[in-house]
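Asks:
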Amino acid sequence: MTAKEITEQGLAVFRYGELFTDIINFLIVAFVVFLISRLTAKYFKVLEAAPPPMTKSEELLQEIRDHIIKKNVRPIQ
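Counting with this note's numbering, you get residues 2 to 78 for the letters of the sequence shown.
Right under this line is the structure:
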C-alpha cells in the first residue's frame with residue numbers, strides 16, 4: 002500500500018521523510034544564523050579594540066600636558 006491509498010482510506014500516515022527534511026532544514030538555518038552572529042560579534046570586537054589614530058593637535062596637547070606634569074606646574078583650570 003502506498004501513502005496515498007492509506008490516506009484515502011482515512012487512516013493516519015506519519016511521513017518520516019518530511020520530518021527529517023524539516024529537522025535538517027532547521028539545523029542548517031540555525032547553524033547559518035549562529036555563524037553570522039559570531040562573525041558580527043568578532044567584527045564589532047575588532048572595531049572597539051582599535052583606537053583611532055591621534056591627530057597632530059592631540060599629540061601636541063599630550064606633550065604639553067606631560068611637560069606640565071613633569072615640571073610640577075599646576076595646570077590652569
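Beta carbons are placed, not taken as given, at the ideal position from N, Cα and C, and that holds for glycine.
Over what stretch of residues does the alpha helix (DSSP H) that includes Gln-63 continue unbroken?
Replies: The residue given as residue 63 occupies position 62 in the sequence shown. From DSSP, the alpha helix (DSSP H) with Gln-63 extends over 57 to 71.
Asks: Under the three-state reduction of DSSP, which class applies to Val-30: helix, strand or coil?
Replies: The sequence position of residue 30 within the sequence shown is 29, counting from 1. Three-state DSSP puts Val-30 in a helix.
Asks: If we call anything under 7 Å between Cβ atoms a contact, is Thr-22 one with Val-14?
Replies: In the sequence shown, residue 22 corresponds to position 21, counting from 1. In the sequence shown, residue 14 corresponds to position 13, counting from 1. Contact flag unset, no.
Asks: So what does DSSP say about Ala-42, is it helix, strand or coil?
Replies: Position 41 of the sequence shown, counting from 1, holds the residue named residue 42. Ala-42: helix per DSSP, three-state reduction.
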